[in-house]
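Enquirer: Protein sequences appear in the order of chains R and P.
No gaps in the numbering here: position 270 of the first sequence is 270 in the working numbering, and each next residue is one more.
No gaps in the numbering here: position 313 of the second sequence is 1313 in the working numbering, and each next residue is one more.
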Amino acid sequence: MKKLLFSVAGVLILSFTALQAEARPTIEELQKRAVLDDYEANVVFGYNIVMDSNRYAPRYAGNGLRCSSCHLDGGTRLDGFPLFVAGVYPKWRAKNGVRNSLEMRIRDCFLYSLSGVMPPEEAPEVLAVSAYISYLSHGQPIGTPPEGWGVPTLPETGADPDPPRGQAVYKRECVMCHGADGAGTAAAPPLWGFHSFNEGSGMNAVPRLAGFIWANMPMGKERSLTHQEALDVAAFLHIQHRPFDPREGKLKKLAEEIYHGLSRLFGKKEPVTPQAAR
Amino acid sequence: MSLLREALPDLSWRRSVDVRRELAAGLVGALLVIPQAITFAYVAGVAPEYGLYCAVFVGFLASLLGNSPMVGGPNTAVSILIGLTVLPFAGRGSPLYTELVLALSLMVGLIQLLIWLGRGAALFRYFSPAAIIGIKAGVGVWLISSALEGATGMAPMTVKFLYEKFYIVLAGWQDLVNPYAALVSGITIAAGLLLRVRWRRSYVVLAVLIGSIAGGLIYGWLGPVASDLELLGHVTLDAWPLQTPVLGPPHWLFLEHAIAPGIAIAILGLAQTLVIARDLKSTVTPELDLHKEVFAQGVSNAVGPFFSSFAGSGSFNRTSVALEMGARTPLSGMIAALAVVLIAWLLGPVLTYLPMPVVAGVMVLVGIGMIQWREIRPMMNWIDGPVLLVTLFAVVFLSLENGILVAVVASVIFFVASASKVKLAISHEGGAEQIRVTGNLFYASLDRLAKHLHAHPSEHTALDLSRVPFRDATAMEMIKRVEIERARSGGKLEVVEEGR
């Protein structure tokens, strides 16, 4: 009898917590409310930044992209770089070799993918996006990556990614929305050039880009490309011009170029002979 | 009728204006105000655009409606107080925070208009100059201490007493301080202090230039990640940033809590404005109307939020530069406001890369400029000195708004103390005593005279009150009592009032 009572109580409590978990208000509901508390206001601000970075975070956003260009559907789509990943931060990343807080990770997006100005970790824009990510992470596991995070890793195809083939695929499938010059249209963001992500961003890696393309592109016909086609398009995009990696100081790079140029002009012109090398 | 005259812009200066001088003063003023506007926006906790809008719209309206070469716009003390008031209610820099700043500014403007209707300008006469200088120096200390995080590349921190911050930074500098940020801010401050000797007017602009070049070299060489220098970011100016201040339930709740600080901000803004105006009235423009300046300040602060700008007030440093450049009419202020739009638009792409440690350096330079030994030294006497020191300590160790309260109380106390000094000249002539009183006789100053009169009940005394301009009921009562007492014990009190 006692056991039964306990189990009934347990079930009640469980269902109650489940109900509470369900009771998370949607963004639309929050936007309609007259009064928001600080957390909710921050979530809405973060949502706005994710959906329209240039309008709501003009101080730090830089190019023609917005967060939702890669984090599809405002960061809610599985296999489209979903944003409900607050549970895995802080975590160590090879990119900068330190343990990254969520805020530190967000400002990397401003610096690389949005090719803008790196905000401080405590910038209101960063904190707002952080709040939005926490809000999305409601009910997701803590400490382990959630289902559908990042993009799928494509299996070995047996052939190298080939840019010329990728160009053909691009002309067939992507030109409609992204434009022949890759500068984007009203329907889709720019893929290369000065208004796209820079060489330091995560999208500037062929396997990841290929996984994203295969799982999410072309919009409305997702997963219609073969793995090889996705890899080829990714390789084609990878070799295009884009803003360079901001981690390398511009002045330093300029000085290096000047030094190399000068040494080519005035230095020894003969190639290094085996004798000299010995 | 006179209210209407004060409320309408007085354009009589048109007839005697030297346009070229005003233009030069205006352009220099615009160059000066841009780094300050960005700095004070940072101090108030809002995006840099709001500071520039404040320089444009508050500056323009204050000049248009006032009738003096005083330059209005973003102000140190007002910005600090706005930041301190709003910070407990919203995340720094968030949309709600900005809305609250604008709502607060609107309230400040309306309070100032109420003060105008109540003829408050007269009251500020009793605000002792020593208290103003004390507040100014205290604000300087606050500014320097709030620049500390930016100058060392740290996140803003909240401490109870400002010296704790210096302790934290000194104790943990190896972990906390970004050496590149410290280097850039150090170069900015050092350049400013060195250049100040030679170029008293434009040293801040030059220091910003030098600091930015240093920061640019470091940033360019190491890149954003390795140097970790914070940049200002894109400043997107809108030529016509119309918006209606949002007044929803959270805003009303905030305003309810912010009434006392709001009054403090209104008073502090007006106090600075009126100190400048009083100086101008006695030196440059004798026809200046203090009430008109109060109105101009109130309207510009109340209208400013509709143009995305927070509250401001008259500026000591920019006004004195404008005067040195030969500005004599409000035209220079209006030109400065309009030139800000142009210069900020031209500089826009460069401003993006302005390192924040340079902004922090400007804060320190402005702070040092507010603590002027030249102003403090003449105050080191027994009446002004205590008021100044008490105010300074209250501002530094309590808070700005409490400091203002202390300043008012200290001014009143020392005013009363100095007013209650009466001089008794006692002489004896043929057995009769003569007392000549100089000063005001009232409840606070009566003590010595009463004691003296009561001590010798049987004497004949002639009390000469011809140099007593004012006596209150308590004094008359005392004299009457002494007269009765003397009549009872054989003495006599004779009140002499020559020339009355």
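A virtual CB, placed ideally from N, CA and C, is assigned to each residue, including glycine.
Note that this is a predicted model, so its numbers are computed, not measured.
Three-state secondary structure (DSSP) at P:Val1496?
Expert: Reduced to three states, the DSSP call for P:Val1496 is strand.
Enquirer: Considering only DSSP beta bridges, list what R:Trp92 is partnered with.
Expert: Beta-bridge pairing links R:Trp92 to R:Arg99.
Enquirer: Nearest-angstrom Cα distance between P:Ser1489 and P:Ser1458?
Expert: Computed Cα separation, rounded: 6 angstroms.
Enquirer: Output the residue ranges of the beta strand (DSSP E) runs that lie fully inside the region 1371–1401 of chain P and measure 3 residues or longer, sorted by chain position.
Expert: Listed in chain order, nothing qualifies, since the region 1371–1401 of chain P has no complete beta strand (DSSP E) run of 3 or more residues.
Enquirer: So, does the CB of R:Tyr89 fall closer than 9 angstroms to a CB anywhere in chain A?
Expert: Of the chains in the structure shown, none is chain A; the protein chains are R and P.
Enquirer: Under 9 angstroms between the Cβ atoms of R:Phe84 and R:Leu72?
Expert: Result no, Cβ atoms of R:Phe84 and R:Leu72 do not sit closer than 9 angstroms.
Enquirer: Could you say which of P:Ala1055, P:Thr1039 and P:Gly1045 lies nearest to P:Ala1030 if we only look at CA atoms?
Expert: Closest by alpha carbon: P:Ala1055.
Enquirer: Verify the CB distance criterion: does P:Trp1221 have a CB-CB separation below 9 angstroms to chain R?
Expert: Taking Cβ atoms only, chain R reaches closer than 9 angstroms to P:Trp1221, which makes this a yes.
Enquirer: Return the chain-ordered list of same chain residues with a C-beta closer than 6 angstroms to the C-beta of P:Gly1134, the five sequence neighbours on each side being excluded.
Expert: Taken in chain order, the residues that qualify are Leu1388, Thr1391 and Leu1392.
Enquirer: Excluding the 5 residues flanking P:Met1334 on each side, which residues of the same chain have their C-beta closer than 7 angstroms to its C-beta?
Expert: So the list reads Phe1060, Ser1063 and Leu1064, once near-sequence residues are dropped.
Enquirer: Mind checking who P:Ala1432 pairs with in its DSSP beta bridge?
Expert: P:Glu1429.
Enquirer: Does any residue of chain R bring its CB to less than 9 angstroms from the CB of P:Arg1200?
Expert: Cβ-Cβ to chain R under 9 angstroms: no for P:Arg1200.
Enquirer: Mapping the DSSP letters down to three states, classify P:Pro1355 as helix, strand or coil.
Expert: Reduced to three states, the DSSP call for P:Pro1355 is strand.
Enquirer: Find out if the Cβ-Cβ distance for the pair P:Trp1013, P:Asn1067 is shorter than 9 angstroms.
Expert: For P:Trp1013 and P:Asn1067, yes; Cβs fall inside 9 angstroms.
Enquirer: Whole angstroms is fine: what's the gap from R:Tyr259's alpha carbon to P:Ile1189's?
Expert: Approximately 34 angstroms, taken between the alpha carbons.
Enquirer: Does DSSP put R:Gln20 in a helix, in a strand, or in coil?
Expert: With a pLDDT of only 49 at R:Gln20, under the threshold of 50, the placement of this residue in the model should not be trusted; the figure read from the coordinates follows. Three-state result, R:Gln20: helix.
Enquirer: Just checking, does the region 1114–1132 of chain P make contact with the region 1314–1325 of chain P on the three C-beta pairs under 8 angstroms criterion?
Expert: Not touching, per the Cβ criterion.
Enquirer: Closer than 7 angstroms between beta carbons: that is the criterion. Which residues of the region 234–257 of chain R meet it against chain P?
Expert: The region 234–257 of chain R vs chain P, Cβ under 7 angstroms: Pro246, Arg247, Glu248, Gly249, Lys250, Leu251 and Lys252.
Enquirer: Would a check of beta-carbon distances place P:Tyr1053 closer than 9 angstroms to chain R?
Expert: It does not; no Cβ of chain R falls within 9 angstroms.
Enquirer: Once the 5 residues before and after P:Thr1319 are set aside, which same chain residues still bring their CB inside 6 angstroms of it?
Expert: Excluding sequence neighbours, P:Thr1319 sits near Met1070, Val1071 and Ile1276.
Enquirer: Using a Cβ-Cβ cut-off of 9 angstroms, state whether P:Gly1172 counts as contacting chain R.
Expert: Not one chain R Cβ lies under 9 angstroms of P:Gly1172.
Enquirer: Using beta-carbon positions only, say whether P:Thr1329 and P:Glu1049 come within less than 9 angstroms of one another.
Expert: Not a contact, by the Cβ cut-off of 9 angstroms.
Enquirer: With a 10 Å radius around its C-beta and 16 neighbouring C-beta atoms as the bar for buried, classify P:Met1476 as buried or exposed.
Expert: So P:Met1476 ends up on the exposed side.
Enquirer: Taking the beta strand (DSSP E) that P:Thr1461 belongs to, which residues open and close that run?
Expert: Run containing P:Thr1461: His1460 to Arg1467, per the beta strand (DSSP E) assignment.
Enquirer: Look at P:Pro1000 and P:Gly1211 and say whether their C-beta atoms are less than 9 angstroms apart.
Expert: Chain P is shown from 1001 up to 1500; residue 1000 of chain P falls before or after that span and cannot be answered.
Enquirer: So does P:Thr1158 have its beta carbon nearer than 8 angstroms to some heavy atom of the ligand NAD?
Expert: As for the ligand NAD, it is missing from this structure, which has no ligand bound.
Enquirer: If contacts are defined as beta-carbon pairs under 8 angstroms, then P:Glu1497 and P:Thr1461 qualify, I think. What distance do you get, rounded to the angstrom?
Expert: With a Cβ gap of about 14 angstroms, P:Glu1497 and P:Thr1461 do not count as contacting.
Enquirer: On the three-state DSSP scale, how would you describe R:Lys253?
Expert: Looking at R:Lys253 - three-state DSSP - the assignment turns out to be helix.
Enquirer: Taking Cβ-Cβ distances shorter than 9 angstroms, what residues in chain R pair up with P:Arg1014?
Expert: Those within 9 angstroms of P:Arg1014 in chain R number zero; the least Cβ separation is about 40 angstroms.
Enquirer: Could you name the residues of the same chain whose beta carbon sits closer than 7 angstroms to that of R:Arg278, not counting the 5 residues immediately before and after it, in chain order?
Expert: No answer about R:Arg278 holds up, because its pLDDT of 47 lies below 50 and its placement is not dependable.
Enquirer: How is P:Val1437 classed by DSSP in three states: helix, strand or coil?
Expert: Reduced to three states, the DSSP call for P:Val1437 is strand.
Enquirer: What does P:Leu1096 touch in chain R if you count any residue whose Cβ is under 9 angstroms from its own?
Expert: Going along chain R in sequence order, the residues near P:Leu1096 (Cβ under 9 angstroms) are Leu36, Asp38, Ala41, Asn42 and Phe45.
Enquirer: I need the DSSP call for P:Arg1471, collapsed to helix, strand or coil.
Expert: Three-state result, P:Arg1471: strand.
Enquirer: Would you verify that the beta carbon of P:Pro1357 is, or is not, closer than 9 angstroms to some beta carbon of chain R?
Expert: Not closer than 9 angstroms to any Cβ of chain R, the Cβ of P:Pro1357 fails to qualify, so no.
Enquirer: Using a C-beta to C-beta distance shorter than 8 angstroms, which residues of chain P count as neighbours of R:Met51?
Expert: The contacting residues do not exist; R:Met51 stays about 15 angstroms from chain P at best.
Enquirer: In its own chain, which residues sit with a C-beta less than 7 angstroms from the C-beta of R:Gly148, not counting the 5 before and 5 after it?
Expert: Excluding residues within five positions, the ones whose Cβ falls inside 7 angstroms are Leu78, Asp79 and Pro82.
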